[in-house]
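J.: Take this structure first; my questions come after.
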Amino acid sequence: PSTNHITSRKRKEDLEVCHVILGELEAHRDSWPFLEPVDRAKLPEYFRVVKKPMDFQTIRCKLRDGRYSCREAFASDSRLVFSNCLFYNEDQSKIGMAGHSMKNFFEKRWSELNR
Ligand SMILES: Cn1cc(C(=O)NCCN)ccc1=O
Numbered sequence: 406p407s408t409n410h411i412t413s414r415k416r417k418e419d420l421e422v423c424h425v426i427l428g429e430l431e432a433h434r435d436s437w438p439f440l441e442p443v444d445r446a447k448l449p450e451y452f453r454v455v456k457k458p459m460d461f462q463t464i465r466c467k468l469r470d471g472r473y474s475c476r477e478a479f480a481s482d483s484r485l486v487f488s489n490c491l492f493y494n495e496d497q498s499k500i501g502m503a504g505h506s507m508k509n510f511f512e513k514r515w516s517e518l519n520r
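Per my numbering, residue 406 is the first one in the sequence shown, and the count goes up by one each step.
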């Protein structure tokens, strides 16, 4: 029971950190390309090249449904949003620049909350 108690407290702390960061990502001025899944109807080729699409709405649903086992699983989905973006978009494009901005913001806040 004691180890389970620790893991459940740790898990609660992990989920809290994820909620804080996700809220900040969603509220960021440069979040607009990432708030919802890329539109399959508008960009069919996107789904041919990006094997694991991810976005903040999907992350929000997974967090709400308790589908993140730990904070690192949340971090890896967050990083997937940014790596997909920088793979598909030119660095100097509007969406590419938003991706760099959001990636830098995430990594800064992630390191601050995990210090
Ligand atoms: C992340 N990402 C988003 C879009 C997009 O069109 N988002 C909807 C903006 N309203 C296109 C390419 C891409 O990599």
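Beta carbons: idealized from backbone N, C-alpha and C, even for Gly.
Could you check how far apart the C-beta atoms of Ser506 and Asp460 are, in whole angstroms? I think they sit under 8 Å.
T.: 16 Å between Cβ atoms; not a contact.
J.: What residue ranges within the segment 444-513 form continuous alpha helix (DSSP H) runs of no fewer than 4 residues, ordered along the chain?
T.: Listed in chain order, the complete alpha helix (DSSP H) runs (minimum 4 residues) inside the segment 444-513 are 451-454, 461-469 and 476-493.
J.: Taking the C-alpha atoms as reference points, what is the distance between Phe510 and Leu420?
T.: Taking the straight line joining both Cα atoms gives about 19 Å.
J.: Taking the alpha-carbon positions, what's the Lys415 to Val454 distance?
T.: Computed Cα separation, rounded: 37 Å.
J.: Which of helix, strand or coil does DSSP assign to His424?
T.: The answer is helix: DSSP assigns His424 an H, G or I state.
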